[in-house]
Every structure is written in C-alpha cells, then in structure tokens.
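Visitor: Quick one: the structure is below, questions incoming.
Protein chains: 4
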Amino acid sequence: MRKSDSSNVTRKPRNPGRPRSESSRTSIFSAVLKLLATKSLRDISIEEIAFEAGVSKATVYRWWSNKTQLAIDAFLNDISVKAPFVVRGTITDTIVSQVHALADQYRGRDGEILRQIIAECQASPEDMKIFHQKFLFLRREEAKRYIRIARKDGVIASKLDDDTIIDMIYGPIYYRLLLRHARIDKSFVKSIVDHVFKQFGPIAVANIRPQS
Amino acid sequence: MRKSDSSNVTRKPRNPGRPRSESSRTSIFSAVLKLLATKSLRDISIEEIAFEAGVSKATVYRWWSNKTQLAIDAFLNDISVKAPFVVRGTITDTIVSQVHALADQYRGRDGEILRQIIAECQASPEDMKIFHQKFLFLRREEAKRYIRIARKDGVIASKLDDDTIIDMIYGPIYYRLLLRHARIDKSFVKSIVDHVFKQFGPIAVANIRPQS
Amino acid sequence: MRKSDSSNVTRKPRNPGRPRSESSRTSIFSAVLKLLATKSLRDISIEEIAFEAGVSKATVYRWWSNKTQLAIDAFLNDISVKAPFVVRGTITDTIVSQVHALADQYRGRDGEILRQIIAECQASPEDMKIFHQKFLFLRREEAKRYIRIARKDGVIASKLDDDTIIDMIYGPIYYRLLLRHARIDKSFVKSIVDHVFKQFGPIAVANIRPQS
Amino acid sequence: MRKSDSSNVTRKPRNPGRPRSESSRTSIFSAVLKLLATKSLRDISIEEIAFEAGVSKATVYRWWSNKTQLAIDAFLNDISVKAPFVVRGTITDTIVSQVHALADQYRGRDGEILRQIIAECQASPEDMKIFHQKFLFLRREEAKRYIRIARKDGVIASKLDDDTIIDMIYGPIYYRLLLRHARIDKSFVKSIVDHVFKQFGPIAVANIRPQS
DNA sequence: CAATAATCGAGACGGTACGTCTTGTCTTCAC
DNA sequence: GTGAAGACAAGACGTACCGTCTCGATTATTG
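Sequence order for the protein chains is A, B, C and D.
The first sequence maps to residues 1 to 212 in this note's numbering.
The second sequence maps to residues 1 to 212 in this note's numbering.
The third sequence maps to residues 1 to 212 in this note's numbering.
The fourth sequence maps to residues 1 to 212 in this note's numbering.
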C-alpha cells in the first residue's frame with residue numbers, strides 16, 4: 001500500500017504534530033460546570049479550572065482567550081437545547097410550550113450559569129458579541145421563525161416587529177433571571193404569554209385554542 | 001426657654017473621635033463615576049478609585065465593604081431620580097411618561113452604570129440584596145402606587161398582580177439594557193406601554209375590536 | 001514678694017494645663033512589658049500597646065518618639081538594677097559576684113527584653129545612642145570604677161585600658177545573649193571571670209582569694 | 001557503549017517545568033546588598049528589593065520565606081570567607097591572624113550587614129536557627145578544629161571546653177560589633193588574643209612570672 | 001469663678017508595605 | 001505540534017500599622 005492510498009479521499013488534511021486532546025477539552029468543560037455549581041463565574045480562576053481538570057493552564061489559554069468564552073462553550077456543549085420549539089397543536093401552543101420549557105430550564109442550574117455568563121459579558125463588548133453570536137441570536141432567530149409562522153397563520157395581527165414581540169415575551173423572564181426580585185414561576189410565565197397572545201388581533205383572541 | 005432646655009432639645013449625640021471627612025466621601029463618589037465613564041466596574045480597582053479620589057485605600061474600605069456597594073452608593077448619590085412619576089393628565093399619561101423618561105435615562109450613562117452594577121451583583125447575593133433594598137424595591141414600590149391608582153381609575157381591570165404588571169412594562173427595557181441586542185429607542189418603549197395599556201381595562205378591550 | 005521668691009527653692013515651675021497622667025505612664029510601661037512576655041518587640045505595634053494600656057495612640061506618641069525608646073524607658077523603669085556591685089570581701093569578689101548576678105538576670109526575662117532592645121537599635125543610630133546614654137554607658141562607668149579600684153589594689157596589673165577589660169568580661173556574655181548559640185550558665189561565667197582575673201598580674205594569681 | 005547506556009549514566013533527574021531563573025537569583029542578591037549599603041535591613045522592604053532587582057514580588061517570595069533569610073543567603077553568596085584560617089607559622093599564628101582578618105572584615109560593610117542580620121534574627125527563633133546552621137555553626141566548627149590542633153600542640157593546656165574558648169576570643173569582638181560602644185581596632189583585637197593565648201598553656205603561664 | 005492651656009480618649013485620615021492571589025506568558029522536557 | 005509542569009512579571013487584593021489630625025471632655029493653673 002502506498003502512502004497516497006492511506007490518506008484516502010475523505011480524510012481531511014491532518015495537521016502534523018500531536019493532535020489536540022479531546023479528553024482535555026471535555027475535562028475542562030466538566031471542571032467549569034462543576035465549579036460553577038459551587039461559586040460564581042467571577043470567583044472561579046482559570047488556575048482553578050486547570051487544576052480541577054487535571055490540565056495545565058497553558059492548555060486552557062491555548063484554546064480559549066478568556067474565562068467567559070470558555071464558560072460559554074462549556075455551557076453550550078452541555079445544554080444542547082433543553083427548550084426546543086416542538087411543533088404540536090397550534091403555533092400558539094408551540095410557542096407557549098417553548099416559553100414554559102425555557103422558564104423551567106432557567107429556574108435551575110442553567111439559569112444560574114446563564115446569569116453568570118451575561119454578568120461577565122457586561123465588562124467586555126467582545127465577549128458579549130460572542131455570546132450574541134453563539135447563543136442569543138441563534139435562539140432569537142429560531143423564535144422569529146415561529147413568530148413569522150404565527151403571523152402567517154393570523155395568530156399575530158400586530159404590526160410590531162419580530163424583535164419587539166420576542167422582547168415582550170422573553171424580556172420579563174430575563175428581567176427576573178437577572179434582577180432576582182421574584183421567581184420565574186409558571187403562573188408568571190402564563191400571565192406573560194397570555195397577555196402577549198390575547199393582544200395580537202381579534203382572531204388571536206377568538207382562536208386562541210380553537211383546534212383543541 | 002432656658003439654656004438647659006435648648007441644649008436638651010437641639011444637641012445631637014456627637015460621636016467621639018475625629019468626624020468623618022465629607023470631602024473624602026464626595027471625592028470618592030466623583031472618582032468612581034469618573035472612572036466608570038472610561039471602563040467597566042469590573043476593570044476598576046479600589047486602588048485606582050482611592051488614587052483618583054486622593055484618598056487612602058483604608059478610607060475606602062472603612063466605609064464600603066466592596067466596590068459594588070460603593071458603586072451603588074455613588075450611583076444613588078448622583079442620580080436623585082431623573083425619571084419621576086409626574087402627575088399630569090390621566091394616570092396612564094403619568095405612567096407612560098415615566099417609562100419614557102426612564103428609557104431616556106437608561107440609554108445614557110446611567111444605563112451603563114446600572115448595567116455594571118447589576119452585573120457585579122450576580123457574583124454576590126449580599127450585594128444583590130443591597131441593590132434591591134437601596135434601589136430596585138424603592139422604585140418598584142413607587143411604581144406600584146401608580147399601578148394601584150390606575151386600577152382604582154379603571155384603567156387597569158386585569159387581575160394580574162402588581163409585580164407582574166411592572167415586569168411586563170420594565171422587563172423588556174431591562175432585557176435590552178442587559179443583553180444589548182437592540183437599542184431601547186422611543187418606538188420600542190411606545191410599543192411596550194401601548195401593548196400593556198391597550199390590553200388592560202374594558203375600554204382598551206372594547207377598542208381592539210373595531211379593527212376587525 | 002518677688003517672683004524668684006514665690007517660686008521657692010524646692011518648687012519646680014509647674015506648667016499650666018492638665019498635668020500629665022501618671023497612671024497613663026505606668027500602664028503604658030506595664031503594657032509594653034506584658035506584651036514583651038509574649039512576642040518580640042518588633043512584632044508589637046504601638047496601637048497594641050495603647051490598646052493594652054487603655055490609652056490613646058496619641059498619648060503614647062506625645063511622650064515617646066518611637067517604640068524602641070519607649071521600651072528602653074519601660075525596661076529601666078522596671079529593673080532598677082538587679083545586678084549591683086556589692087562591696088563585700090575583696091574587690092575581685094565584688095566584681096565576680098556582680099558578673100554572676102548579671103548573668104542570672106540575663107538568663108531570664110530581662111535578657112530577653114534587652115536582646116529585643118539591642119536588636120531594634122541596630123536600625124537606628126539615634127536609638128542606639130539613647131540606649132548608650134540611658135543604659136550601657138552608665139553601667140560601664142560603674143564597672144570602670146570597680147576596675148580602677150582593682151587596679152589600685154594591685155589585683156589588676158595589666159596595662160590594658162578599662163574598656164578592653166570590661167569587654168573581655170562582659171563581651172562573651174553579651175555574645176551568648178545575642179547570638180544564642182549556647183546558654184549563659186554559671187560555669188561559663190566562672191570560666192570567663194577566672195580567666196580574666198588569673199591573667200592580670202602575679203599578685204592577682206597569688207591573691208585571688210587570700211582573705212577568705 | 002550504546003545510547004541508552006550513556007543516557008542512563010549521565011542524565012541528571014531534570015525537574016519538569018520552566019527552570020528557575022539564575023539571573024533573577026543573582027539580581028535579587030545584588031539588590032539586597034546594594035540597598036543594605038544605604039539603609040538598615042529593617043528599613044528595606046521586599047517590594048523595594050523586587051523593584052531594584054527588576055523582579056516580581058512573587059518571585060522573591062517563591063524562594064525565600066522572609067527578608068531575613070534572603071539577606072542571609074545574599075550575604076553568604078557574596079562573602080565566600082574573607083577571613084580563612086591560613087596555616088602558616090605556629091598554630092597560634094594561624095588563629096591570631098584569622099581573628100585579625102575577621103575583625104578587619106567586620107569593621108567594614110560585612111560587619112554592618114551581619115549586625116543587621118543578627119538584629120532581625122532576634123524577632124524570629126526560626127531565622128536565628130537558620131543563621132546558626134548556615135553561618136555561625138559552620139564558622140565555629142572550623143574554629144574548633146584549630147583550637148583542637150592548638151591543644152594537641154600544647155599551646156592550649158586549659159581544660160576549658162572549645163565553645164568557651166571560642167567565646168572568649170570572638171565574644172568581645174561581636175560585643176563591640178553589636179553594641180557599637182567602641183571600635184574593633186587592631187589593638188583591641190591584639191589585646192584579646194594576647195590575653196587568651198598568654199593564659200593557656202604552660203609556657204604562657206611560665207612567662208607571666210618574669211614581670212613580677 | 002471664669003479664662004486659659006495642656007492632656008486625654010476616640011477614632012478618622014493619607015500613606016506604605018505586607019504576603020497572597022490571579023493573570024497571561026514563557027521555558028523546558030515528554031509524547 | 002500539543003501537553004504538563006511550573007517559573008515569571010505584573011499588579012490588585014484586603015489588612016495592618018504608621019504617625020498625624022481633629023474632635024469634645026477633662027483637669028489643672030492663673031487672673
């Protein structure tokens with residue numbers, strides 16, 4: 001067998017040298033999440049993460065430029081969308097159930113981590129931008145797709161732009177997540193979504209769950 | 001009135017020892033605000049504040065247990081309510097104009113500072129509690145008074161509790177303040193308050209129908 | 001009556017104003033000595049002394065310019081010469097018994113304090129000078145008087161100057177006091193004084209204790 | 001010999017990680033000695049040493065637990081025995097010339113440094129112990145070797161133990177070094193050693209008589 | 001007896017240094 | 001080339017004392 005054969009068609013052009021350790025990557029993520037269970041992101045040091053992960057500090061720095069970006073990746077790697085839009089029943093049902101699922105998620109550990117990440121991003125526009133790109137905008141884009149479906153279905157007759165509608169729904173939830181003045185309980189979430197959907201056009205009010 | 005009387009009445013119970021320097025207090029506040037104009041609260045060190053204020057580090061630590069609590073006091077000392085509830089026109093007018101004034105304020109320097117303070121509070125429940133007591137709850141209580149007036153006037157017929165109504169109004173604004181995905185512009189604020197007030201109360205409900 | 005009369009011979013010219021508190025003075029001395037029983041002079045702060053004495057820091061600073069000078073005064077106020085030259089037996093007896101008494105004293109608490117004071121004086125020529133004037137030179141002068149008597153009595157025939165003879169006797173004791181490589185026990189002191197007095201002239205050797 | 005063999009034999013067990021910087025070590029020593037030329041060890045701060053050496057404070061603390069131990073090492077690194085025992089002439093000549101060389105050394109900068117180190121050691125038994133081990137005991141052991149030779153040669157017939165003899169010789173010198181009441185001049189040193197050596201041994205004793 | 005004056009306590013103040021901690025980089029050897 | 005180990009420069013942390021100061025209260029002498 002010749003050399004050219006061994007590097008077959010589908011093989012991507014493998015870099016020379018020792019390949020990146022996958023176990024390092026995952027143990028770093030585990031370490032971050034484990035430490036986040038005990039203290040704030042701000043109070044966690046990279047040294048601590050490296051020690052907890054059994055990895056050298058340089059390895060952490062080679063792959064992430066700071067603690068916030070590492071936390072974002074660890075968070076994304078872990079959650080894999082616990083609050084998806086599930087198409088079942090009316091479009092209103094789909095959206096409402098997603099908002100409730102999101103609230104459930106944010107009441108727990110994931111809300112805590114998200115709170116920490118958003119806090120850290122306040123000190124760095126660059127990190128905030130990365131948070132937008134890797135998390136917030138993707139979620140909002142997905143939400144917008146369903147908002148547009150709702151418009152098409154006549155459930156939303158309002159001329160408000162998608163961003164404003166999304167902020168009306170999720171804004172109060174994030175407000176409570178970050179200000180912590182009250183719990184994000186089910187009745188609160190129900191009040192928010194009821195209020196938003198009742199408002200948007202008479203059809204919406206009339207047809208809120210006509211199919212069921 | 002005899003001397004003994006007046007001394008009883010007017011004498012304030014002066015503490016022993018050198019009195020606290022008022023000029024230190026104000027120059028520390030000025031220093032914090034000046035530095036907050038150039039960088040995040042997180043990136044400001046107490047050493048820097050002390051130097052900028054021409055004060056020793058110990059003096060800062062004597063009066064504030066950490067940077068966040070100092071920032072809260074500096075902020076409160078400075079703002080003295082730029083977005084008051086002004087009673088003019090209907091109760092709806094009063095509330096709506098306050099929300100707009102608040103949004104105006106948060107678009108500028110005060111929003112930036114508030115963002116920084118809220119971020120820092122995420123790392124410390126104790127600091128968050130102080131923020132609640134010194135700022136958030138006072139503002140919310142004031143808002144509740146006007147919400148109650150609106151209820152009495154029949155403008156709000158909804159059975160939603162005061163906290164939820166407040167979060168519907170201010171939540172989206174704080175959401176944009178903290179997540180920074182979009183500006184808190186006038187049209188956004190108008191959309192929010194219109195939406196909230198159209199919904200509540202019989203008149204609002206009645207007025208929706210004509211569109212259909 | 002003239003002024004000179006009114007301020008009579010024994011009356012000292014009393015200053016106006018509140019007189020210095022004698023109780024403060026003594027309680028400061030007590031505090032210093034008490035603290036010196038637990039830690040080194042270097043590790044004692046003036047704040048601690050003031051607190052322990054129930055006195056304000058300013059009172060300490062008003063009367064002593066630094067900790068070392070205060071310690072010197074506290075030490076002198078306390079010891080009142082525990083190792084005097086007692087004239088009994090021959091002049092050699094007098095000197096030898098004083099050296100032994102001094103060694104006894106230095107083995108204990110007083111040696112510890114003296115060690116601390118001498119150490120602190122190494123950092124300040126001014127303090128060292130005060131130590132010389134208030135302690136060392138007075139003691140050495142007294143010793144010299146007895147050395148001179150010994151010379152006159154023919155016990156010391158050597159032409160060595162008084163200072164050198166004193167340093168031969170006390171040097172090894174202070175050496176052990178300060179370097180702490182060995183105890184200043186009785187046999188060591190005996191060896192030193194025997195050695196010194198045997199040396200000085202045949203009379204000395206012959207008459208070391210002829211009277212007894 | 002094969003490669004694997006040579007690597008076994010000559011390989012020193014190299015520690016992992018970045019090796020200690022030799023240039024930091026020497027520049028720290030230089031900084032200490034330079035600063036000691038201008039002020040007392042007590043008045044030198046570790047911050048100052050680090051700055052002068054162009055090194056971070058943490059690097060100093062990594063290798064020395066305090067200023068005193070650092071000063072001891074800097075001193076030892078620098079002096080490399082300026083007052084050795086040189087075997088020439090009689091054993092008495094050897095010892096006497098060493099004592100004079102030591103006095104010469106102590107009259108200058110080295111005496112000043114030693115004074116500072118001994119002073120600092122008074123506040124810390126641990127530091128004093130290190131001073132004993134790294135400096136004092138080594139020097140005294142060496143001196144004892146020559147004392148023993150002197151005994152064997154009959155120059156010292158006295159039954160006094162080695163430590164006492166050493167303290168008789170060096171004690172007065174250290175006494176003047178530390179109390180600073182008089183200079184350690186050549187005539188003083190000569191008086192001390194003459195006195196000690198005249199005393200010991202039968203010849204010395206015999207030679208005293210003629211004077212009478 | 002009032003005025004004057006020094007002392008006292010309490011404790012705030014501007015400073016300085018402490019010894020620790022974390023950051024992000026660098027240097028070495030091992031794989 | 002990647003990784004572990006760990007030294008390094010930089011610099012902030014929060015604490016502890018320094019020596020000074022600013023108060024009001026106290027305690028003496030002087031007028």
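A virtual CB, placed ideally from N, CA and C, is assigned to each residue, including glycine.
Here the structure is a predicted model, which means the values were calculated and not measured.
Measure the CB-CB distance between I216/D and D153/D and report whether it falls below 9 Å.
Guide: For residue 216/D there is no data in the structure shown, the boundaries of chain D being 1 and 212.
Visitor: Could you pull out every residue in the same chain whose Cβ sits closer than 7 Å to the Cβ of A83/B, ignoring the five residues on either side in sequence?
Guide: Hits under 7 Å: Q98, A101, L102 and Q105.
Visitor: Rounded to whole angstroms, what is the Cα-Cα separation between S27/C and S21/C?
Guide: Spanning the two alpha carbons is a distance of roughly 10 Å.
Visitor: Using only the alpha-carbon positions, how far apart do V55/A and S65/A sit?
Guide: For V55/A and S65/A, the distance between alpha carbons rounds to 16 Å.
Visitor: Three-state secondary structure (DSSP) at G111/A?
Guide: Here G111/A sits in helix by DSSP.
Visitor: Should R140/C be flagged as near chain D, meaning a C-beta pair shorter than 9 Å?
Guide: Yes, R140/C counts as interfacial toward chain D.
Visitor: List, in chain order, every chain A residue whose beta-carbon is nearer than 9 Å to that of S243/B.
Guide: No statement about residue 243/B is possible, as the shown extent of chain B runs from 1 to 212 and does not include it.
Visitor: Please classify T10/A as buried or exposed, where buried requires at least 16 other C-beta atoms within 10 Å of its C-beta.
Guide: In this prediction, T10/A scores a pLDDT of 40, lower than 50, which makes its location untrustworthy; the coordinate-derived value is nonetheless stated afterwards. T10/A is exposed by the Cβ-count criterion.
Visitor: For A37/B, go through chain A and note every residue whose CB falls closer than 9 Å to its CB, in chain order.
Guide: Simply none; closest approach about 15 Å.
Visitor: In chain C, which residues lie with their C-beta within 8 Å of the C-beta of D153/D?
Guide: The contacting residues do not exist; D153/D stays about 20 Å from chain C at best.
Visitor: Nearest chain C C-beta to G108/D closer than 9 Å, yes or no?
Guide: By this cut-off, G108/D is not an interface position.
Visitor: Within the 9 Å Cβ cut-off, does T94/C reach chain D?
Guide: False, the Cβ-Cβ gap to chain D never drops below 9 Å.
Visitor: What does the alpha-carbon distance come out to for the pair Q133/B and E47/C?
Guide: So the alpha carbons of these two residues sit roughly 37 Å apart.
Visitor: Looking only at its own chain, which residues have a Cβ that is under 6 Å from the Cβ of R176/C, when we skip the five neighbours before and after it?
Guide: Hits under 6 Å: A182 and I184.
Visitor: So, at 7 Å on beta carbons, what are the nonlocal neighbours of L178/D in its own chain, with the 5 sequence-adjacent residues on each side left out?
Guide: Taken in chain order, the residues that qualify are R115 and I118.
Visitor: For the stretch 102-136 of chain D, list every residue whose C-beta sits within 7 Å of some C-beta in chain C, in sequence order.
Guide: Of all residues in the stretch 102-136 of chain D, R115, Q116, I118, A119, Q122, A123, M128, H132 and L136 have a Cβ within less than 7 Å of some Cβ in chain C.
Visitor: Nearest chain D C-beta to H100/C closer than 9 Å, yes or no?
Guide: With 9 Å as the cut-off, H100/C does not count as an interface residue toward chain D.
Visitor: So which of N77/B, T38/B, Y61/B and A50/B has the shortest CA-CA distance to F135/B?
Guide: For F135/B, the nearest C-alpha among the options comes from N77/B.
Visitor: Looking at W63/D and the ligand ADP, is the gap between the Cβ and the nearest heavy atom below 8 Å?
Guide: Judged by which ligands are present, the structure shown has none, so any question about the ligand ADP falls away.
Visitor: Under 9 Å, Cβ to Cβ, is there at least one residue of chain A near D163/B?
Guide: Yes, D163/B counts as interfacial toward chain A.
Visitor: Do V32/A and V96/A have their CB atoms nearer than 9 Å?
Guide: Not a contact, by the Cβ cut-off of 9 Å.
Visitor: Can you check whether the CB of I173/D is closer than 9 Å to the CB of I165/D?
Guide: Contact flag unset, no.
Visitor: Measuring only the C-alpha atoms, how far is T68/B from K198/A?
Guide: Approximately 41 Å between the Cα atoms of the pair.
Visitor: Check the Cβ of I192/A against every Cβ in chain B and list those closer than 7 Å, keeping chain order.
Guide: Simply M168.
Visitor: Which first and last residues belong to the alpha helix (DSSP H) in which L136/B is found?
Guide: Here L136/B belongs to no alpha helix (DSSP H), and DSSP marks it neither H nor E.
Visitor: Hey, how far is the Cα of R151/A from the Cα of I169/A?
Guide: Those two C-alpha atoms are separated by around 15 Å.
Visitor: In chain order, what residues of the stretch 174-186 of chain C put their CB closer than 7 Å to some CB of chain D?
Guide: For the stretch 174-186 of chain C, which is checked against every Cβ of chain D, the residues closer than 7 Å are Y174, Y175, R176, L178, L179, R180, H181 and A182.
Visitor: Given that a residue counts as buried once 16 or more other Cβ atoms are within 10 Å of its Cβ, and exposed if not, what is S191/B?
Guide: Looking at its Cβ environment, which holds 16 or more other Cβ atoms inside 10 Å, S191/B is buried.
Visitor: Could you give the distance in angstroms between the alpha-carbon of Q211/C and the alpha-carbon of D93/C?
Guide: Model confidence at Q211/C stands at a pLDDT of 39, short of 50, so the residue's coordinates are unreliable; what they give is reported in the following sentence. Rounded to whole angstroms, Q211/C to D93/C spans 10 Å at the Cα level.
Visitor: E120/C and D127/C look like a contact to me (Cβ under 8 Å); what is the Cβ gap, rounded to whole Å?
Guide: 7 Å between Cβ atoms; contact.
Visitor: Mind reading off the beta-carbon distance from L36/B to I149/B? Whole number of angstroms is fine, and I expect it under 8 Å.
Guide: No, L36/B and I149/B are not in contact; Cβ-Cβ is about 35 Å, not under 8 Å.
Visitor: Helix, strand or coil for Q69/A? Go by DSSP, reduced to three states.
Guide: Three-state result, Q69/A: helix.
Visitor: Quick one: is R87/C buried, meaning 16 or more other Cβ sit within 10 Å of its Cβ, or exposed?
Guide: The identity of residue 87/C in the sequence shown is Val, whereas the question assumes Arg. Looking at its Cβ environment, which holds fewer than 16 other Cβ atoms inside 10 Å, V87/C is exposed.
Visitor: When you compare the CB of F75/B with every CB in chain A, is at least one pair closer than 9 Å?
Guide: No, F75/B lies away from the interface with chain A (no Cβ there is under 9 Å from its Cβ).
Visitor: With 16 other CB atoms within 10 Å as the buried threshold, where does L138/D fall?
Guide: Burial call: exposed.
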